[in-house]
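Residue numbers (the numbering used here): 4 to 315. Beta carbons: idealized from backbone N, C-alpha and C, even for Gly. Encoded as structure tokens, the structure appears first; notes follow it.
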């Protein structure tokens with residue numbers, strides 16, 4: 004059990020406050036039934052109880068469920084019931100007015116939140132009920148700083164007349180958790196574009212694909228792409244992992260290119276991203292970059308794939 008990981012969640016005050024605010028907006032004291040899916044140590048379920056939920060069902064299949072049980076007991080949470088299983092495995096689950104699930108990763112979908120909440124809408128949620136988060140928007144922007152890319156090509160300079168290019172290729176076919184600043188990104192990050200939107204509960208496509216393109220006003224070298232997400236928990240309450248958003252325990256992701264692309268003013272670049280996630284096979288990611296000249300003709304294309312890399 005990775006208790007240290009759960010400590011980082013508990014220490015994330017931005018995350019905690021956002022979920023508290025979203026729950027406070029929908030819970031009617033003494034009436035609302037809440038299901039907390041992926042409850043961890045029980046924090047969000049306890050928030051719901053403190054806000055006056057009539058009953059709270061906490062689903063947690065990992066070893067941390069033992070910690071959650073002790074936490075609920077210590078807090079004398081009589082309206083909370085821990086169910087030590089995955090919500091998708093529960094036969095005839097109790098119906099809730101609100102389903103909440105903080106199963107988000109640095110890549111938003113890596114913990115199978117789409118499948119989990121699609122099942123929850125069918126089997127756990129009452130008609131007219133509320134799902135938190137409601138929606139996830141995914142963003143991408145070119146990276147024009149070389150500082151992260153240079154970390155990944157140290158294989159070039161080992162010396163001793165040894166060729167480690169195979170390992171370099173594997174490194175570049177990986178996705179890395181990094182924190183970007185404005186100078187790292189095209190137009191200081193303002194050029195970020197939405198490439199995918201997921202409406203949780205109703206969207207059942209765990210395989211995602213989208214693209215975005217940019218026409219450059221000035222010459223730039225592109226070393227890869229930065230990724231982040233924004234989750235709408237409830238109307239007016241959002242969480243974002245963008246570089247300029249309030250800091251959370253999540254960071255951005257770096258999708259590197261195999262070779263930097265030097266793009267002239269008037270030329271353009273297109274990024275295509277794809278992912279598929281499942282409980283059995285984990286998360287698979289791929290990204291493609293295409294460089295177009297000013298007339299719209301393709302100059303070069305790079306296809307990168309996590310399956311060709313080595314998970315860091």
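key: Three-pair Cβ contact test at 8 Å for the stretch 100-107 versus the stretch 71-84   = no
task = Would you kindly check if the distance between the Cβ of residue 260 and the Cβ of residue 217 is under 9 Å?
result = On the chain shown, position 214 is the one that residue 217 refers to. On the chain shown, position 257 is the one that residue 260 refers to. Cβ distance not < 9 Å, so residue 217 and residue 260 don't count as in contact.
task = To the nearest angstrom, report how far apart residue 6 and residue 271 are at their CA atoms.
result = On the chain shown, residue 6 is found 3 positions in, with the first residue counted as 1. On the chain shown, residue 271 is found 268 positions in, with the first residue counted as 1. Approximately 46 Å between the Cα atoms of the pair.
inquiry  = What does DSSP give as the partner residue(s) for residue 152 in the beta ladder?
reply    = Taking the chain shown and counting its residues from 1, the one referred to as residue 152 is at position 149. The partner list for residue 152 (beta bridge, DSSP) is empty, contrary to what the question assumes.
query = Which residue comes first and which comes last in the beta strand (DSSP E) that contains residue 93?
reply = In the chain shown, counting from the first residue as 1, residue 93 sits at position 90. Per DSSP, residue 93 belongs to no beta strand (DSSP E) and is neither H nor E.
task = Give the single residue among 90, 124, 302 and 26 whose Cα lies nearest to the Cα of residue 56.
result = Along the chain shown, one-based indexing puts residue 56 at 53. Comparing Cα-Cα distances from residue 56 to each of 90, 124, 302 and 26, the minimum goes to 26.
ask   = DSSP state of residue 158, grouped into three classes?
value = For this step, residue 158 is matched to residue 155 along the chain shown. If DSSP states are grouped into helix, strand and coil, residue 158 belongs with the helices.
request  = Let me know if residue 238 comes out buried or exposed under the rule of 16 or more other beta-carbons within 10 Å of its beta-carbon.
outcome  = Within the chain shown, numbered from 1, the residue matching residue 238 stands at position 235. Exposed: under 16 other Cβ atoms inside 10 Å.
key: Distance between residue 49 and residue 23 (C-alpha atoms, nearest Å)   = As a working note, residue 23 is residue 20 in the chain shown. As a working note, residue 49 is residue 46 in the chain shown. Spanning the two alpha carbons is a distance of roughly 10 Å.
query = Would residue 228 be called buried (16 or more neighbouring beta carbons within 10 Å of its own) or exposed?
reply = Taking the chain shown and counting its residues from 1, one reaches residue 228 at position 225. Buried, by the Cβ-count rule.
request  = Pull up the distance between the alpha-carbon of residue 131 and that of residue 268, whole angstroms please.
outcome  = Indexing the chain shown from 1 puts residue 131 at position 128. Indexing the chain shown from 1 puts residue 268 at position 265. Spanning the two alpha carbons is a distance of roughly 51 Å.
key: Whole-angstrom C-beta distance between residue 51 and residue 37, which should lie under 8 Å   = What you label residue 37 is simply residue 34 of the chain shown in a count that begins at 1. What you label residue 51 is simply residue 48 of the chain shown in a count that begins at 1. Between residue 51 and residue 37 the Cβ distance is about 4 Å, and since that is below 8 Å, they are a contact.
ask   = Apart from the five residues on each side of it in sequence, which residues of its chain come closer than 6 Å, Cβ to Cβ, to residue 296?
value = Your numbering for residue 296 matches position 293 in the chain shown. Once the five neighbours on either side are set aside, the close Cβ partners of residue 296 are 270 and 302.
task = Look at residue 64 and residue 87 and say whether their C-beta atoms are less than 9 Å apart.
result = Residue 64 sits at position 61 when you count from the first residue of the chain shown. Residue 87 sits at position 84 when you count from the first residue of the chain shown. Contact: yes.
message = Less than 7 Å between C-beta atoms, sequence neighbours within five positions excluded: which residues of the same chain meet that for residue 213?
response = If you number the chain shown from 1, residue 213 lands on position 210. Contacts found: 198, 199 and 276.
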